[in-house]
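> Residues 136 to 819 (my numbering) are what the sequence shown spells out, left to right. Ideal Cβ positions, reconstructed from N, Cα and C, are used throughout, including at glycine. Structure in structure tokens, see below.
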Amino acid sequence: MAKSRSSSRSVLAAALVTALAASLTACGGSDSAPAAVTLPESATAQLAVLETSDLHANVVSYDYFKLAEDKSVGLERTATLIKQARADFPNNLLIDNGDTIQGNALADYQALVSPLACNQKLATYKAMDAIGFDAGTLGNHEFNYGLPFLSQVTGTKFNVEGMAAVASQPTCTGPAFPLVLANVSSKKDGATLYKPYTIINKKVSAKDKDGKTIESTLKVAVIGFAPPPILNWDKRWLDGKVDVQGVVESATKYVPMARAEGADIVIAASHGGWDTNTYTATMENANYHLAKVAGIDGILMGHSHGEFPNAACTTTACSATGVDKVKGTFHGVPAVMPSYWGKAIGVINYNLLVKNGKWTIDTSKTAVSIRKALLDATAKTYVAVDPAIAAAIKTEHEAAIAYVKTPIGQSDFALSSYFADVGDVTAIQVVNAAQADYVARYVAANMPQYKDLPVLSVSAPFKSGFAGGTDFTDVKQGPIAINNAADLYLYPNTVYAVKVTGAGIKTWLEKAAERFNQIDPTVTTAQALVSTFPGYNFDMFTSADVSYEIDVTQPKGSRIKNLSYKGAPLSTTAEFIIATNNYRATSGTQFGLTAANTIYASPDANRDVLIDYIKARKTLTLVADGSARSWRFTKVTTAGSVTFTSGSGKLAVAQTAGFTNISVVSSDDGSGKGQGVYAIDLSK
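Have a look at this one:
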């Protein structure tokens, strides 16, 4: 089967060369191609494609929220992995898969606080250029700061509504490597914002059939894709300006072009994971289906912050027909996902053979792997840093640290999300209060038609342990600075106000309650309380006016009990204004929200609203700002224990917050991520 795929690709390429060659240079923008040469039959070569993804501006091993080193992250350690891989595979290409320029205080500082000048290079791109990337694509978070900023820092002029004519736009400094994106186009002229693909003429060391070393050139096409839902996620920036095409549709259009232009290998840098459900053009994680597009030789994945290949994976997607979670293939096509924040790199190592005068892939010898910065989980040792990376952005790093140290207030209690999954609201209530205050003031001043509607607010524990025991909000009692506000509100979202009914609130909360597994009270063995439903979607109220129970013994959709407002059962027809964020308001169909619900799309960031609120309050108190818990678990006695993980050694945090029904099962869950196992007695 592998041979027939390779053969059919060659036939397709030959057939399309003449017909498409004249129009392709403008589409693909290949590097200057060498003159045609005759390849020695049966010559062999190796090419390793190396991938980074979801760096999220984590250039150095540093946590700007905690103002401390974090050895588990950082491109400065990834750089060492890249050096080692390059030594192992002299013929190599390095490709970034997006979600690169946003994600921490360094990124926000350069985009929002002290914006870069046109002739300045983004710190992340400085570091990447020091390493030497060959190409990259864009993820969804590249669009978070708007099109003008993205245009500037990538050195790419956009012909879109709301920006000056291309001829009038300055030429700004972007990365030294090309960025490609095939499925995002301007509504103004229909052209893609970036070149859909690039062809890299890679000189490689090869061997002829007698073992003699020769030099050859491989033509490697890199084509990029972003998740189609960016139109919803960043509607405020993209609406009316760009169109987004389906990943498969775009690949079907451009892959044959790259082949006809002479590409020996086509690599899809597709910022998404893989969803094995029926394909749609708006699918967020389309790579399982992308692998079926003829002519694609490898897929670089991201977005989901996971790892692939992964022999230990037990999800439905890992077990689907056509997925080889051990070898790392979809329908026989190599695919790799290298975690996030610089924790690993992905490697697809190809062995190549000249057949009928053309380089072809020996698919039987293709190897997919992940190389991790973590060397020993028990000892918590990591690869060494590459000192050149931190040196490249020293000024920007120090400026970001100085910024996040700016004081904004005080707190007489610790604000944490270690036990938010079981009801602790210390890290959530102040966010809700800030959002509600902002929306209420705006409605009172500008929207008299809604003046009689109650204003409530929902928020979620954005840091809830996905990355391990330190991935929680943890703001100590005492002074509060900007870095603490960024810890409380992780994302650069903007405040939205939506109008919903009591029935809508019930639907919203039922979806949020999918955070929990269904617990069987009769089971005598331990049951995990928390599901894989993301913590950042676990929206909750923190208001004395709202109360409800979550019955985890019930199936999804039937868990919210005794929902009341001001002590009375919540009327299904009563109307409320809910303060939330743009992400939830514009992509919250599963939460019962549509565009019709939005009554105010503010230009102000949730984090800035939070900072201003704390500045105005000056001092936060536990009584007023950290103890208004709206929800409880429905009481039930279980035959076995109900467990969950959180940071190791944090029982005192739960006890201080008033939880007497939580106990320690184990101080170490064995993952090497600083997590402990806790039990909750649901009968109390």
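Excluding five sequence neighbours on each side, which residues of the same chain lie with their C-beta closer than 7 Å to the C-beta of residue 757?
For the purposes of this step, residue 757 is taken as the residue at position 622 of the sequence shown. Within the same chain, residue 757 has close Cβ partners 547 and 548.
> Return helix, strand or coil for residue 743, following the three-state DSSP convention.
The sequence position of residue 743 within the sequence shown is 608, counting from 1. In the structure shown, residue 743 sits in a helix (DSSP, three-state: H, G or I).
> Could you round the C-beta distance between residue 416 and residue 443 to whole angstroms and report it? I think they count as a contact, below 8 Å.
In the sequence shown, residue 416 corresponds to position 281, counting from 1. In the sequence shown, residue 443 corresponds to position 308, counting from 1. That belief does not hold up - the Cβ atoms of residue 416 and residue 443 are roughly 23 Å apart, past 8 Å.
> Where does the unbroken beta strand (DSSP E) through residue 683 begin, and where does it stop?
Position 548 of the sequence shown, counted from the start, is the residue given in the question as residue 683. Looking at the DSSP string, the run of the beta strand (DSSP E) that includes residue 683 is 681 to 685.
> Hey, how far is the Cα of residue 185 from the Cα of residue 210?
Numbered from its first residue, the sequence shown carries residue 185 at position 50. Numbered from its first residue, the sequence shown carries residue 210 at position 75. If I take the Cα positions, the gap works out to 14 Å.
> Please report how far the alpha carbon of residue 721 lies from the alpha carbon of residue 674, in whole angstroms.
As a working note, residue 721 is residue 586 in the sequence shown. As a working note, residue 674 is residue 539 in the sequence shown. Their Cα atoms are separated by approximately 15 Å.
> Please tell me whether residue 637 and residue 193 are closer than 9 Å, where the distance is taken between their beta carbons.
Working through the sequence shown from its first residue, we reach residue 637 at position 502. Working through the sequence shown from its first residue, we reach residue 193 at position 58. It is not a contact, given that the beta carbons lie outside the stated cut-off.
> Please return the same chain residues whose Cβ sits closer than 7 Å to the Cβ of residue 590, not counting the five positions on each side in sequence.
As a position in the sequence shown, residue 590 is number 455, starting the count at 1. These residues qualify, in order along the chain: 571, 574, 575, 578, 712 and 714.
> Answer yes or no: do residue 414 and residue 403 have a C-beta to C-beta separation smaller than 9 Å?
Reading the sequence shown from its first residue, position 279 is the one you call residue 414. Reading the sequence shown from its first residue, position 268 is the one you call residue 403. No. Outside cutoff.
> Where residue 792 and residue 271 are concerned, what is the direct C-alpha to C-alpha distance, given to the nearest angstrom?
What you label residue 792 is simply residue 657 of the sequence shown in a count that begins at 1. What you label residue 271 is simply residue 136 of the sequence shown in a count that begins at 1. Rounded to whole angstroms, residue 792 to residue 271 spans 46 Å at the Cα level.
> Since I believe residue 794 is in contact with residue 484 (beta carbons under 8 Å), could you give me their beta-carbon distance rounded to a whole number of angstroms?
As a working note, residue 484 is residue 349 in the sequence shown. As a working note, residue 794 is residue 659 in the sequence shown. Their Cβ separation, rounded to whole angstroms, is 50 Å, which puts residue 484 and residue 794 out of contact at 8 Å.
> When the Cβ atoms of the region 768 to 779 are set against those of the region 650 to 657, are three or more pairs found closer than 8 Å?
Enough Cβ pairs lie closer than 8 Å, so yes.
> Relative to the C-alpha of residue 700, which candidate in 683, 732 and 693 has its C-alpha closest?
Counted from its first residue, the sequence shown places residue 700 at position 565. Closest option to residue 700, judged by alpha-carbon separation, among 683, 732 and 693: 683.
> Does DSSP put residue 298 in a helix, in a strand, or in coil?
Position 163 of the sequence shown holds residue 298. DSSP places residue 298 in coil when its eight states are reduced to three.
> Rounding to the nearest angstrom, what Cα-Cα distance links residue 273 and residue 253 in this structure?
Within the sequence shown, residue 273 is the residue found at index 138, counting from 1. Within the sequence shown, residue 253 is the residue found at index 118, counting from 1. Cα to Cα, the separation comes out at about 20 Å.
> Hey, quick one: how far does the alpha helix (DSSP H) through residue 664 stretch, first residue to last?
By 1-based counting over the sequence shown, the position of residue 664 is 529. Annotation for residue 664: no alpha helix (DSSP H) segment contains it, and DSSP assigns it neither H nor E.
> Who are residue 696's beta bridge partners in DSSP?
As a position in the sequence shown, residue 696 is number 561, starting the count at 1. Residue 696 is bridged by DSSP to 684.
> Count the other CB atoms, across all protein chains shown, that sit within 10 Å of the CB of residue 412; report buried if there are 16 or more and exposed otherwise.
Here residue 412 refers to the residue found at position 277 when the sequence shown is read from its first residue. By the Cβ neighbour-count rule, residue 412 is exposed, with fewer than 16 other Cβ atoms within 10 Å of its own.
> Looking at residue 356 and residue 333, is the spacing between their C-beta atoms short of 9 Å?
Here residue 333 is taken as the residue at index 198 of the sequence shown, counted from 1. Here residue 356 is taken as the residue at index 221 of the sequence shown, counted from 1. The beta carbons of residue 333 and residue 356 sit closer together than 9 Å.
> Which residues bound the beta strand (DSSP E) around residue 360?
Numbered from its first residue, the sequence shown carries residue 360 at position 225. Here the beta strand (DSSP E) through residue 360 covers 348 to 360.
> For the beta strand (DSSP E) that residue 129 lies in, which residues bound it at each end?
Residue numbering for the chain in the displayed model covers 136 to 819; residue 129 lies beyond these limits and cannot be assessed.
> Rounding to the nearest angstrom, what Cα-Cα distance links residue 529 and residue 260 in this structure?
Within the sequence shown, numbered from 1, the residue matching residue 529 stands at position 394. Within the sequence shown, numbered from 1, the residue matching residue 260 stands at position 125. Approximately 13 Å, taken between the alpha carbons.
> Counting along the chain, where does the beta strand (DSSP E) carrying residue 469 start and finish?
By 1-based counting over the sequence shown, the position of residue 469 is 334. 468 to 473 is the span of the beta strand (DSSP E), which, as asked, contains residue 469.
> So, helix, strand or coil for residue 162, using DSSP?
Position 27 of the sequence shown holds residue 162. With a pLDDT of 44 at residue 162, under the threshold of 50, the predicted position of this residue should be treated as unreliable, though the coordinate-derived value follows. Helix at residue 162.
> Rounded to the nearest angstrom, how far is the Cβ of residue 323 from that of residue 301, given a contact under 8 Å?
The sequence position of residue 323 within the sequence shown is 188, counting from 1. The sequence position of residue 301 within the sequence shown is 166, counting from 1. Not confirmed; about 10 Å, so no contact.
> Just to confirm the assignment: which complete alpha helix (DSSP H) runs, minimum length 4, are found wholly within the region 535 to 614?
The qualifying runs are 564 to 581.
> Hey, does residue 348 have any beta-carbon neighbour from chain B nearer than 9 Å?
No chain B is part of this structure, which consists of one protein chain only.
> Do residue 188 and residue 212 have their CB atoms nearer than 9 Å?
For the purposes of this step, residue 188 is taken as the residue at position 53 of the sequence shown. For the purposes of this step, residue 212 is taken as the residue at position 77 of the sequence shown. No; because the gap between Cβ atoms is not below 9 Å, this pair is not in contact.
> Going by Cα to Cα distance, which pick from 750, 786 and 214 is closest to residue 541?
Residue 541 sits at position 406 when you count from the first residue of the sequence shown. Nearest C-alpha to residue 541: 750.
> Evaluate residue 143 with the Cβ neighbour count: other Cβ atoms within 10 Å of its Cβ, from every protein chain shown; 16 or more gives buried, anything less gives exposed.
What you label residue 143 is simply residue 8 of the sequence shown in a count that begins at 1. With a pLDDT of only 38 at residue 143, under 50, the local geometry of the prediction cannot be trusted, and no value is derived from it.
> Who are the near neighbours of residue 174 in its chain, counting only those whose CB is closer than 8 Å to its CB and skipping five residues on each side?
Position 39 of the sequence shown, counted from the first residue, corresponds to residue 174. Non-local C-beta neighbours of residue 174 in its own chain, meaning closer than 8 Å and more than five positions away in sequence, comprise 351, 489, 492, 493 and 494, ordered along the chain.
> Which full runs of the beta strand (DSSP E) of 3+ residues lie inside the region 397 to 432, going along the chain?
400 to 405
> Return the residue from the list 217, 440 and 676 that minimises the CA-CA distance to residue 235.
Counting from 1 along the sequence shown, the entry for residue 235 is found at position 100. If we check each option's Cα against that of residue 235, 440 comes out closest.
> State the DSSP-derived secondary structure class of residue 675, mapped to helix, strand or coil.
On the sequence shown, position 540 is the one that residue 675 refers to. It is a strand residue.
> In terms of residues, what are the limits of the beta strand (DSSP E) holding residue 229?
Your numbering for residue 229 matches position 94 in the sequence shown. If you look at residue 229, you'll find it in the beta strand (DSSP E) that goes 227 to 231.
> Compare the beta carbon distance of residue 240 and residue 617 with 9 Å and say whether it is the shorter of the two.
On the sequence shown, residue 240 is found 105 positions in, with the first residue counted as 1. On the sequence shown, residue 617 is found 482 positions in, with the first residue counted as 1. Contact: yes.
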